[in-house]
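Peer 1: To start, I am sharing the structure in question, which I have written as structure tokens.
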Amino acid sequence: MVNDEILRKLFKAFPYAIINRNLEFVANPNPKVNSYFILSGIGTEQQVQGKLLEWLSREASSSLHYKNNAYNDKAHKYHRDGINRFLGTNFTHEDMELIYSKLGNSVNRELTIKFIQSGFDMKILNAEN
1477 MVNDEILRKL FKAFPYAIIN RNLEFVANPN PKVNSYFILS GIGTEQQVQG KLLEWLSREA
1537 SSSLHYKNNA YNDKAHKYHR DGINRFLGTN FTHEDMELIY SKLGNSVNRE LTIKFIQSGF
1597 DMKILNAEN
């Protein structure tokens, strides 16, 4: 499982987060949002980075949990800010839309790893057709 230092960094990036009894890191425990990824089987920071990109990029860009767009925008910003704090990046809403379309739901693990190893170079994702 993820070490204490990485967990502290996650909680600093996502101040409302919890870890539930299923060992899921729940970035936003609001029942309308409930964004999470499973912590079991993760041991390195790079693996956490991949989980953030693959499982929270939708929440940072295009999820529609509310009828009110202002609430959706607030949820997107919370997740985008958390991802940016953890990764040390400055992804925009548009960047997160591209990240979700290329990496979301773990659709292309090799591309996720390549993107992380590139230092989050958006050219890697723009080059993928």
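For the sequence shown, this note's numbering assigns the number 1477 to the initial residue and increments by one for each residue that follows.
The beta carbon of each residue, even a glycine, is placed where N, CA and C say it ideally should be.
In this structure, how does DSSP classify Ala-1536 when only helix, strand and coil are distinguished?
Peer 2: Indexing the sequence shown from 1 puts residue 1536 at position 60. If DSSP states are grouped into helix, strand and coil, Ala-1536 belongs with coil.
Peer 1: Could you compute how far the alpha carbon of Phe-1513 sits from the alpha carbon of Ile-1600?
Peer 2: Translated into the one-based positions of the sequence shown, residue 1513 becomes position 37. Translated into the one-based positions of the sequence shown, residue 1600 becomes position 124. Each residue's alpha carbon lies about 24 Å from the other.
Peer 1: Could you tell me whether the region 1483 to 1503 touches the region 1553 to 1572, using the rule of 3 or more Cβ pairs below 8 Å?
Peer 2: yes
Peer 1: Taking Pro-1507 as the reference, give the member of Gln-1523, Tyr-1542 and Arg-1497 with the closest Cα.
Peer 2: Along the sequence shown, read from residue 1 onward, the residue named residue 1507 stands at position 31. Answer by Cα proximity: Tyr-1542.
Peer 1: Just to confirm the assignment, what range does the beta strand (DSSP E) spanning Ile-1514 have?
Peer 2: In the sequence shown, the residue the question calls residue 1514 occupies position 38. Here the beta strand (DSSP E) through Ile-1514 covers 1511 to 1514.
Peer 1: Could you name the residues that DSSP lists as bridge partners for Asn-1504?
Peer 2: Locating residue 1504 in the sequence shown gives position 28, counting from the first residue. In DSSP, Asn-1504 forms a bridge with Ser-1511.
Peer 1: Beta-carbon of Thr-1520 versus every beta-carbon of chain B: anything under 8 Å?
Peer 2: In the displayed structure, chain B is absent; only one protein chain is listed.
Peer 1: What's the C-alpha gap between Thr-1565 and Asp-1597?
Peer 2: On the sequence shown, position 89 is the one that residue 1565 refers to. On the sequence shown, position 121 is the one that residue 1597 refers to. Cα to Cα, Thr-1565 sits roughly 10 Å from Asp-1597.
Peer 1: Buried or exposed for Gln-1593, please, with buried defined as at least 16 other CB atoms from any protein chain shown within 10 angstroms of its CB.
Peer 2: Here the question's residue 1593 lines up with position 117 in the sequence shown. Label assigned to Gln-1593: exposed.
Peer 1: Is the beta carbon of Thr-1588 within less than 7 Å of some heavy atom of the ligand SAH?
Peer 2: The ligand SAH is not part of this structure, which contains no ligands at all.
Peer 1: Tell me which same chain residues have a C-beta within less than 7 Å of the C-beta of Thr-1588, skipping the five on either side of it?
Peer 2: In the sequence shown, counting from the first residue as 1, residue 1588 sits at position 112. Hits under 7 Å: Gly-1526, Leu-1529, Glu-1530 and Leu-1579.
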